Each structure stands twice: as C-alpha cells, then as structure tokens.
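Visitor: So that we are looking at the same thing, I have put the structure below in structure tokens.
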Amino acid sequence: MFEARVAQAEILKKILDSVRELVEQGNLDCSGTGISLQAMDSSHVSLVALLLKSEGFERYRCDRSINLGINMQSLGKIVKTAGNHDAITLSSEDKGDVLGLMFESTEQDKVSNYEIKLMDVDAEQLAIPVAEYSVCVRMPSAEFARITRDLSTIGDSVLISCTKDGVQFSTTGDTGSGSIVLRQSSSVDDEKKAVVIEVQEPISLSFATKFLVQFSKSAALNESVTLNLGDGVPLMVEYPMKEMGYVRFYLAPKLSN
Amino acid sequence: KTKQGNLNSFFGIK
Numbered sequence: 002m003f004e005a006r007v008a009q010a011e012i013l014k015k016i017l018d019s020v021r022e023l024v025e026q027g028n029l030d031c032s033g034t035g036i037s038l039q040a041m042d043s044s045h046v047s048l049v050a051l052l053l054k055s056e057g058f059e060r061y062r063c064d065r066s067i068n069l070g071i072n073m074q075s076l077g078k079i080v081k082t083a084g085n086h087d088a089i090t091l092s093s094e095d096k097g098d099v100l101g102l103m104f105e106s107t108e109q110d111k112v113s114n115y116e117i118k119l120m121d122v123d124a125e126q127l128a129i130p131v132a133e134y135s136v137c138v139r140m141p142s143a144e145f146a147r148i149t150r151d152l153s154t155i156g157d158s159v160l161i162s163c164t165k166d167g168v169q170f171s172t173t174g175d176t177g178s179g180s181i182v183l184r185q186s187s188s189v190d191d192e193k194k195a196v197v198i199e200v201q202e203p204i205s206l207s208f209a210t211k212f213l214v215q216f217s218k219s220a221a222l223n224e225s226v227t228l229n230l231g232d233g234v235p236l237m238v239e240y241p242m243k244e245m246g247y248v249r250f251y252l253a254p255k256l257s258n
Numbered sequence: 226k227t228k229q230g231n232l233n234s235f236f237g238i239k
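Chains as they are written, first to last, in our numbering: chain E, 2 to 258; chain U, 226 to 239.
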C-alpha cells in the first residue's frame, strides 16, 4: 500500500506545472524515503530529477517500493482541479493499476475522488554522478526567468560566462546580439533577492535557450534558483522546495565543433 | 559553430 498526503494542493500544482512540459510520461518511484521521478527528453539533452521526501508529506506510507507509470499531462490536469488549499492524498495498491487521488476541502465539506490509469513507462532510474562544479550562482528565480525569456527573442544559444566579478548571459542571432551581466550583490537585506556567485574556476559554457526557458518556468517553486556549472558536466539548475525536496534540471552544453 | 551535446557520457549510457 502506498499513501501520501500533502496538506495543500498548491505545492503539487506548482511541481507538476514545472515538469509537465518537459516530461510527457514518467515513473514515480515510491519508496519508504519518498517519491522520485527522473525523465530525459528523447534526444537525451536534458533530464528532470524530482525528489519529494517522505517527511515533506503530512502523512506518508509506502510498505514496499513501487513504480507508478504516469502520464504527466493527465496527472497535471486532474491536480489542477483541486483548490489550492485542498489536502491531496495519493494512493495505490501494491499491484494496483491506478493511482488514486482524493481532494479534501479545508472545511472538509467537499471530497473529490479521481483515479488515473497507470501505464508501463520504459525508463530506468539513473545513478546521477556527483559532479564537481567550478561555479555556483544563486540568483532570484524571477530574474533567471526574465533573462532567459529576454535573450530567447534573439538567439537559440545562451553563453553563460562566470568570473568572480559577475555572471554574463549572452546570445547572438540573425537579427543581432545581446548580453546581460549580473554582479554579486554587495549588501542584501533580503537573502532571496541576492545574487551570490561562488567561483572555483572561471567558466564559459553555451546552452540551448529553449531548455533554459523551460527550466526557468519553475520560478513558482522557490524565489531563488541555483545554477551549477562545471567543465565536462551538464549544467544543473536547482529549485529547492524547503523540507519537501527539490526539482533539478540537467542540461548538456553545446560543444564547439 | 557549436553542436548540441548530450547527457549519455555523463550518465554512462551507450
């Protein structure tokens, strides 16, 4: 038996919004420690890794590990029908063929039950290697969204160059070019508005704009985002979710020909 | 000129 209850539907809505455009279907791997999901796009350029820790749930029970193959669009559509403050309980029998969803209003005067058919999803969990990153940039997630969106009007690649002085996002396209530099915040009243740049080695890497734009749509998950860059390893973009876990996106760089 | 890399080598996928 698997059962997981979140006190507020809002967090699940945000999580599904952030991954469902990149992930059509995936396996929710449920174990005693929580729920995880990994999904790569068909060209193996990007990967989404989601972790929802058991302690982030109001109630959590998973007697034996199970994989729930889910169409993320279908799940997203159903979860969207819940009120933001509704409690949501996900459940599945050990050898069941559906994922059950129960929404309970805060007044407990409305209870909705849905079932989503499970599917066979051919995807195995990868052991994501621990990477050595040369640079870690923490910045407001809304700023990252703005920068990727603004540069996407010009070019299909964004070069991210980072030194101790700042991080530069630049692009070139048929119509021209553009670049935006963010400096490390000198004094910050609000942690979440800070730009913090940690540099072991300066680095410049180029990435496909369209994926960065997709990732940056997760801004609702956290006011801050971290970009981790290293030579020979994928970019890792992380949106932490307090005690709940994280959504991480991995993106292979563009390589010089 | 650049070409898009992939994640295969990072994850040891052949």
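No residue lacks a Cβ here, since even glycine has one placed at the ideal position from N, Cα and C. The structure presented is a predicted model; accordingly, all values stated were derived computationally and were not measured.
#1: Taking any Cβ of chain U, which residues in the stretch 33-46 of chain E have a Cβ under 8 Å from it, in chain order?
#2: Looking at Lys15(E) and Ala221(E), is the spacing between their C-beta atoms short of 8 Å?
#3: Over the uninterrupted alpha helix (DSSP H) stretch that includes Arg147(E), give me the two end residues.
#4: Along chain U, which residues have their Cβ under 7 Å away from the Cβ of Val234(E)?
#5: Exposed or buried, what is Arg60(E) when buried is set at 16 or more other beta-carbons lying within 10 Å of its beta-carbon?
#6: With a threshold of 8 Å between beta-carbons, can Ala253(E) be considered close to chain U, or not?
#7: For Phe104(E), which of helix, strand or coil comes out of DSSP?
#8: Going by beta carbon distance, what residues of the same chain come within less than 8 Å of Lys218(E), once the five residues before and after it are set aside?
#9: Which same chain residues end up closer than 8 Å to Asn85(E) when comparing Cβ atoms and leaving out the 5 residues on each side of it in sequence?
#10: Run through DSSP, which three-state label would Ser55(E) get?
#11: Can you give me the Cβ contacts of Ser153(E) inside the same chain, cut-off strictly under 6 Å, excluding the 5 residues immediately before and after it?
#12: Per DSSP, what kind of secondary structure is Gln26(E) in: helix, strand or coil?
#13: Residues in the same chain with beta-carbon distance under 7 Å from Leu76(E), minus the five sequence neighbours each way, listed in chain order, please.
#14: In angstroms, rounded to a whole number, what distance separates the CA positions of Lys78(E) and Tyr115(E)?
#15: Would you mind stating whether Gly33(E) and Ser55(E) have Cβ atoms separated by less than 8 Å?
#16: Do Asp42(E) and the ligand ZN come close, with the Cβ less than 7 Å from some heavy atom?
#17: Using 8 Å as the threshold, is the C-beta distance between Asn247(E) and Leu91(E) below it?
#18: Between the stretch 238-252 of chain E and the stretch 163-174 of chain E, do three or more beta carbon pairs fall short of 8 Å?
#19: Quick one: Cα of Leu100(E) to Cα of Leu119(E), how far?
#20: Report the partner residues of Gln169(E) according to the DSSP bridge assignment.
#21: Can you list the residues of chain U that Leu48(E) reaches, using a CB-CB cut of under 7 Å?
#22: For the alpha helix (DSSP H) holding Gly35(E), just list the boundary residues, first then last.
Guide: Reading it off the structure:
#1: Within the stretch 33-46 of chain E, the residues whose Cβ lies closer than 8 Å to some Cβ of chain U are Met41, Ser44, His45, Val46, listed in chain order.
#2: Yes, the pair counts as a contact, with Cβ atoms nearer than the cut-off.
#3: 142-153 is the extent of the alpha helix (DSSP H) around Arg147(E).
#4: Per Cβ cutoff of 7 Å: Phe235.
#5: Exposed.
#6: Yes, Ala253(E) counts as interfacial toward chain U.
#7: Taken through DSSP and simplified to helix, strand or coil, Phe104(E) comes out as strand.
#8: Correct list, in chain order: Asp18, Ser19, Glu22, Ala146.
#9: Cβ within range, chain order: Gln9, Ala10, Glu11, Lys14.
#10: Correct three-state label for Ser55(E): helix.
#11: For Ser153(E), the CB contacts under 6 Å within the same chain, skipping 5 residues up- and downstream, are Thr210, Val214 in chain order.
#12: Note: Gln26(E) maps to strand in three-state DSSP.
#13: Close CB contacts of Leu76(E) within its chain, under the 7 Å cut and outside five residues either way in sequence, are with Leu17, Ile117 (chain order).
#14: Straight across, the Cα-Cα distance linking Lys78(E) with Tyr115(E) is about 11 Å.
#15: Note that the C-beta distance between Gly33(E) and Ser55(E) is below 8 Å.
#16: Here there are no bound small molecules, and the ligand ZN is not part of this structure.
#17: Before going further, note that residue 247(E) is Tyr rather than Asn in the sequence given. Not closer than 8 Å, so no.
#18: Contact between the stretch 238-252 of chain E and the stretch 163-174 of chain E is absent, because fewer than three Cβ pairs lie under 8 Å.
#19: Rounded to the nearest whole angstrom, the CA to CA distance from Leu100(E) to Leu119(E) is 7 Å.
#20: Gln169(E) is bridged by DSSP to Ser162(E), Val182(E).
#21: The contacting residues are Leu232.
#22: It is not in any alpha helix (DSSP H) - Gly35(E) instead sits in the beta strand (DSSP E) that spans 35-41.
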